[in-house]
Amino acid sequence: MVIDSSKHKFLGRVEGLGNLIHGTIKFSPDARYAYTIGRDATVSKIDLLTLTVVKQVRAGFDCVGGVMTQDGKHIALSNYSPKEVRILDAETLETVKQIPAIREYGNGITIESRVVGILDAPGNLLVFSLMEGDGIWVVDAGKKDFPVIKKFWDVGDTPYDALITPDGRYYLVGFLNSNWMGLLDTWELNEVKKILTQKENQSANDVPLWKIPHLKGWAIAGELAVLPALKKELALVYNNKTWEWVKNVHLEGTALYTVSSPDARYVWVDLVGKNGDIIHIIDLKTLEVVKTLNPGKGATHPQFTPKGNYVYVSLMDDNKVVVYDAKTFEKIKEFPAKRPSGIFSTERAHKFGM
Numbered sequence: 020m021v022i023d024s025s026k027h028k029f030l031g032r033v034e035g036l037g038n039l040i041h042g043t044i045k046f047s048p049d050a051r052y053a054y055t056i057g058r059d060a061t062v063s064k065i066d067l068l069t070l071t072v073v074k075q076v077r078a079g080f081d082c083v084g085g086v087m088t089q090d091g092k093h094i095a096l097s098n099y100s101p102k103e104v105r106i107l108d109a110e111t112l113e114t115v116k117q118i119p120a121i122r123e124y125g126n127g128i129t130i131e132s133r134v135v136g137i138l139d140a141p142g143n144l145l146v147f148s149l150m151e152g153d154g155i156w157v158v159d160a161g162k163k164d165f166p167v168i169k170k171f172w173d174v175g176d177t178p179y180d181a182l183i184t185p186d187g188r189y190y191l192v193g194f195l196n197s198n199w200m201g202l203l204d205t206w207e208l209n210e211v212k213k214i215l216t217q218k219e220n221q222s223a224n225d226v227p228l229w230k231i232p233h234l235k236g237w238a239i240a241g242e243l244a245v246l247p248a249l250k251k252e253l254a255l256v257y258n259n260k261t262w263e264w265v266k267n268v269h270l271e272g273t274a275l276y277t278v279s280s281p282d283a284r285y286v287w288v289d290l291v292g293k294n295g296d297i298i299h300i301i302d303l304k305t306l307e308v309v310k311t312l313n314p315g316k317g318a319t320h321p322q323f324t325p326k327g328n329y330v331y332v333s334l335m336d337d338n339k340v341v342v343y344d345a346k347t348f349e350k351i352k353e354f355p356a357k358r359p360s361g362i363f364s365t366e367r368a369h370k371f372g373m
C-alpha cells in the first residue's frame with residue numbers, strides 16, 4: 020500500500036511481492052524505486068511513479084533483511100537459507116556476489132551461520148552478524164570482488180539484530196544469550212566492545228520472549244539511545260557518545276520498536292505479547308512515559324513523517340493503518356489495510372542503516 024504522507028492520501032497498491040511477513044523495503048538514492056525484500060527472498064523493484072513492478076527475482080529461500088549500499092549500486096540480503104550474504108545489482112537485480120557465512124574452527128570443523136543485522140556504513144562498507152558463528156564481518160562494497168576485510172569472533176552469544184547510528188559510526192548488535200551488546204566503531208574497525216546490560220537485569224524480572232525486538236537507527240535520539248530490552252518490560256537508555264547506561268524506563272509490556280521523533284523529544288514504543296495493543300510515548304526530557312495510546316488491536320511499527328508532524332501506526336489485527344498528530348497525540352485519519360505491518364518512508368533513502 021502506497022500513501023502520500025504529506026497529504027495523507029492513498030495512492031495505490033502493488034501486489035505479487037512474495038511473502039512479506041518480516042519483509043522490508045529499501046529505496047534507491049533518488050527515492051524513485053522501492054525494493055521490497057520478502058521473507059522468501061523475493062526481491063521486487065517497484066517504480067514509485069507508476070506503482071508497477073519493473074524487476075523481480077528470487078535471491079534465496081529464507082531472508083530476514085537487506086540494505087542498499089552507500090553508493091546505491093547494490094542491494095545486499097541477509098539470508099537464513101542459504102546461509103550467506105547475497106549481493107544484487109540494483110539496476111538489474113542480477114546476483115553479483117554470494118558470501119557464504121561460515122566459521123572455521125580448525126581440524127576440519129566448520130559451522131554455517133544465518134546472517135542478521137546487515138547494514139550499510141560510511142566508506143561503502145557492509146556490516147553484518149553471524150547468528151550461529153557469534154561473529155561480525157565487514158565487507159568493502161566499493162571493490163569489485165566485495166572482499167570481507169574484517170572478521171570479529173566471539174563477540175557475544177547468538178546475535179539477533181543490529182543498528183547503526185545515524186552518522187554511520189557505531190554498529191551496535193544485540194545477543195539472545197549474553198548480558199551485553201556489542202559495539203563496533205566503523206572508523207577504527209579494531210575491536211567489538213561490550214556494552215553491559217546488567218543494570219537492566221537488576222531492575223526487572225524476565226518475561227516470555229513474545230517476539231525478538233528490533234534494533235534500528237531510529238532508536239537514536241540526540242545523545243541518547245533508547246533500546247528495547249530483551250525479555251524485560253523496559254526501555255534501556257544509554258548515552259550514545261560514551262555508551263554508558265543512563266536509565267531504565269519501565270513499560271507495561273515488552274518493546275518491539277523504540278522510535279524517536281525527528282526532533283529527539285519523544286520516543287514511541289510499541290509492545291508485543293502482554294498489552295500488545297498499546298503504544299507508550301516517552302518524554303526524553305524526563306525519561307518517563309507521559310502518554311499511553313490504544314490505537315487498536317496489534318498496534319505496531321510507528322513511523323514518523325520526515326519532519327515529525329505525524330506518526331503512522333499499523334493495526335495488524337484491526338486491518339488498518341492509523342495516523343496520529345504527533346503534537347496532540349490525536350488520531351486524525353485511518354486507512355483500510357489487510358494485516359499491515361512495516362511502514363517505510365522514502366526519506367530512508369538518505370539515511371544509513373535504513
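Position in the sequence shown (from 1) plus 19 gives the number in my numbering.
C-beta atoms are modelled at their ideal positions from N, C-alpha and C, and glycine is treated no differently.
This one's a predicted model, so the numbers in the text were calculated from it and none came from an experiment.
Pairwise C-alpha distance: residue j and residue i
{"i": "Thr277", "j": "Arg284", "result": "13 Å"}
{"i": "Gly37", "j": "Thr61", "result": "6 Å"}
{"i": "Gly241", "j": "Asn259", "result": "8 Å"}
{"i": "Pro141", "j": "Asp282", "result": "23 Å"}
{"i": "Gln117", "j": "His233", "result": "25 Å"}
{"i": "Ile106", "j": "Val309", "result": "43 Å"}
{"i": "Trp156", "j": "Glu103", "result": "12 Å"}
{"i": "Asp23", "j": "Gln89", "result": "26 Å"}
{"i": "Arg367", "j": "Met20", "result": "17 Å"}
{"i": "Trp264", "j": "Tyr189", "result": "16 Å"}
{"i": "Asp289", "j": "Asn126", "result": "47 Å"}
{"i": "Val33", "j": "Ile94", "result": "20 Å"}
{"i": "Met200", "j": "Val83", "result": "20 Å"}
{"i": "Gly292", "j": "Lys346", "result": "28 Å"}
{"i": "Phe323", "j": "Glu353", "result": "15 Å"}
{"i": "Pro48", "j": "Lys163", "result": "20 Å"}
{"i": "His269", "j": "Pro314", "result": "20 Å"}
{"i": "Thr305", "j": "Val286", "result": "12 Å"}
{"i": "Tyr54", "j": "Leu68", "result": "14 Å"}
{"i": "Phe29", "j": "Tyr331", "result": "13 Å"}
{"i": "Val245", "j": "Ala238", "result": "5 Å"}
{"i": "Lys235", "j": "Gly193", "result": "11 Å"}
{"i": "Gly35", "j": "Val226", "result": "38 Å"}
Residue burial classification, residue i (beta-carbon count within 10 angstroms, cutoff 16)
{"i": "Asp139", "result": "buried"}
{"i": "Gly42", "result": "buried"}
{"i": "Glu123", "result": "exposed"}
{"i": "Arg51", "result": "exposed"}
{"i": "Ser25", "result": "exposed"}
{"i": "Gly161", "result": "exposed"}
{"i": "His299", "result": "buried"}
{"i": "Ile40", "result": "exposed"}
{"i": "Pro355", "result": "exposed"}
{"i": "Met373", "result": "buried"}
{"i": "Glu252", "result": "buried"}
{"i": "Leu70", "result": "exposed"}
Closest Cα partner of residue i within the set the options
{"i": "Thr205", "options": "Asn198, Thr216, Trp199 and Ile183", "result": "Ile183"}
{"i": "Val167", "options": "Asn267, Leu306, Val146 and Ser47", "result": "Val146"}
{"i": "Lys266", "options": "Lys350, Tyr257 and His27", "result": "Tyr257"}
{"i": "Tyr99", "options": "Thr111, Gly201, Tyr331 and Ile137", "result": "Ile137"}
{"i": "Ser63", "options": "Leu112, Lys251 and Thr305", "result": "Leu112"}
{"i": "Thr365", "options": "Ile351, Val286, Ile65 and Gly315", "result": "Ile65"}
{"i": "Thr216", "options": "Val86, Leu203, Leu195 and Pro227", "result": "Leu195"}
{"i": "Lys45", "options": "Phe348, Arg58, Phe80 and Met87", "result": "Met87"}
Can at least three beta-carbon pairs, one atom from the stretch 120 to 132 and one from the stretch 358 to 368, be found at a separation below 8 Å?
Output reads no: the stretch 358 to 368 does not touch the stretch 120 to 132.
Would you say the stretch 149 to 156 touches the stretch 328 to 339, given that touching needs at least three Cβ pairs under 8 Å?
no
In chain order, each beta strand (DSSP E) run of at least 3 residues that lies wholly inside the stretch 133 to 170:
134 to 140, 144 to 149 and 154 to 159
For the stretch 72 to 79 against the stretch 165 to 176, are there 3 or more C-beta pairs whose distance is under 8 Å?
no
Sequence ranges, beta strand (DSSP E) only - wholly within the stretch 276 to 348, length at least 3
285 to 291, 298 to 302, 307 to 312, 318 to 323, 329 to 334 and 339 to 344
Segments assigned beta strand (DSSP E), at least 3 residues, entirely inside the stretch 79 to 124:
81 to 87, 93 to 100, 103 to 108 and 114 to 119
Any chance you could list the alpha helix (DSSP H) runs of at least 4 consecutive residues sitting entirely within the stretch 167 to 222, in chain order?
217 to 222
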